[in-house]
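Residue numbers (my numbering): 4 to 424.
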């Protein structure tokens with residue numbers, strides 16, 4: 004009888020590895036096990052609900068591993084407890100870190116609970132590329148819907164790393180949802196949440212009520228206001244060098260006017276509000292030249308054309324809603340580029356936009372690093388702001404800091420500190 008041969012698993016491993024390297028095998032190749040680490044999510048809540056962060060991490064982890072194509076490791080501690088510095092938004096250091104040099108992706112995120120509303124935000128980090136390749140967000144009115152958040156997030160991550168069919172909220176109330184053409188491969192979603200005996204109430208995905216034509220540019224900022232004084236909202240957009248005014252009539256987006264800027268000036272942000280109270284919203288454009296000097300301008304739409312109110316203003320502009328009214332904020336630009344001095348409320352005196360009260364921002368933050376709101380649901384406003392290391396903070400108006408995120412945020416293509424300083 005001939006002896007049955009058994010392949011050496013070590014040699015077989017290196018042979019497969021050799022083939023993978025020489026054929027540029029991607030993590031999207033369904034024949035390769037994708038390795039993912041899922042960290043517990045940070046929980047932002049008035050109450051101690053840290054168990055939710057660990058719970059959603061575990062749920063996402065187990066749902067990622069149900070196809071056999073993903074090797075998911077569920078961590079019990081946050082990444083900072085492993086001595087990992089996640090302040091670098093590009094994450095290029097991770098591939099050289101011992102814990103991750105054999106890992107393909109990391110999943111981390113935050114659960115924010117305000118009243119009965121729960122928001123789940125996070126990111127999928129590609130270790131090899133050293134950057135975030137997918138941001139996810141789910142929001143519901145019921146805290147028990149975190150179970151459904153985990154299912155949706157895990158399914159969408161699968162879509163990216165192993166090309167599976169995506170799941171949406173409209174699938175939630177079904178008993179099971181096919182994942183692939185294989186009828187044996189499916190995920191069970193309970194009709195009732197494990198955190199409550201009541202049926203979960205999730206709104207279906209909103210329908211698209213309007214879709215414009217495709218524009219051959221990337222709009223970096225957009226504002227909505229009554230620019231022409233007809234009591235209807237208009238849309239103003241910018242790319243790097245152009246401004247376009249649209250009106251919306253008869254379910255059509257109609258271009259009313261356009262400004263073509265100089266090639267050496269770059270438009271950064273746009274806002275619109277009726278600050279001078281003449282019935283037409285002014286258009287505030289923050290612009291910088293090649294030396295990063297601020298060359299902003301303010302316009303109005305009058306007699307079917309743009310009229311300048313202010314040119315070459317050395318201010319960064321921003322409109323916020325304060326006490327139900329649109330309010331103009333400003334911060335002066337530095338001769339060396341970036342910001343100079345404090346942030347002020349600005350008002351119209353009949354001829355110009357002048358400084359009013361100074362705004363308290365912790366650590367001398369810039370114009371685009373903060374917002375106001377009753378984040379803690381106390382009946383009083385707090386300041387939500389990013390510090391110099393891009394950590395999110397919640398601070399009372401008296402300066403008492405109530406919370407700070409454990410990791411850095413930001414750095415999207417339109418992140419203000421990237422574009423304006």
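Heads up, the beta-carbon is just placed ideally off N, CA and C, and yes, glycines get one too.
Own chain, CB closer than 6 angstroms to residue i, minus 5 neighbours either side, in chain order
i	result
residue 432	For residue 432 there is no data in the structure shown, the boundaries of the chain being 4 and 424.
residue 295	340
residue 76	40
residue 160	127
residue 240	222, 225 and 247
residue 43	56, 57, 60 and 81
residue 412	393 and 395
residue 69	none
residue 279	351
residue 333	318, 320, 347 and 349
Secondary structure of residue i, DSSP reduced to three states
i	result
residue 379	coil
residue 2	The structure shown does not extend to residue 2, since the chain spans only 4 to 424, so no value can be given for it.
residue 218	coil
residue 271	strand
residue 230	coil
residue 152	helix
residue 43	coil
residue 236	coil
residue 165	helix
residue 432	This structure gives no information on residue 432, because the portion of the chain shown stretches from 4 to 424.
residue 372	coil
residue 407	strand
residue 79	coil
residue 66	helix
residue 56	helix
residue 326	coil
residue 49	coil
residue 367	helix
residue 426	With the chain running from 4 to 424 in the structure shown, residue 426 is simply not present.
residue 396	strand
residue 412	coil
residue 212	coil
residue 158	helix
residue 132	coil
Anticipated Cβ contact below 8 angstroms, residue i with residue j, distance rounded
i	j	result
residue 81	residue 409	7 angstroms
residue 123	residue 212	Not quite, the Cβ-Cβ distance comes to about 26 angstroms (not below 8 angstroms), so this is no contact.
residue 407	residue 375	That pair is no contact at about 18 angstroms.
residue 221	residue 242	6 angstroms
residue 48	residue 116	4 angstroms
residue 269	residue 290	7 angstroms
residue 370	residue 342	7 angstroms
Per-residue burial, residue i [other beta carbons within 10 Å of its own, 16 or more giving buried]
i	result
residue 165	buried
residue 396	buried
residue 398	buried
residue 257	exposed
residue 67	buried
residue 148	buried
residue 261	exposed
residue 140	exposed
residue 308	exposed
residue 320	buried
residue 235	exposed
residue 426	Because residue 426 is not part of the residues shown, which for the chain are 4 to 424, the question remains open.
residue 151	buried
residue 357	exposed
Contacting residues, own chain, Cβ-Cβ under 8 angstroms from residue i (five flanking each side not counted)
i	result
residue 120	142, 143 and 144
residue 365	386, 388, 390, 396, 398, 402 and 404
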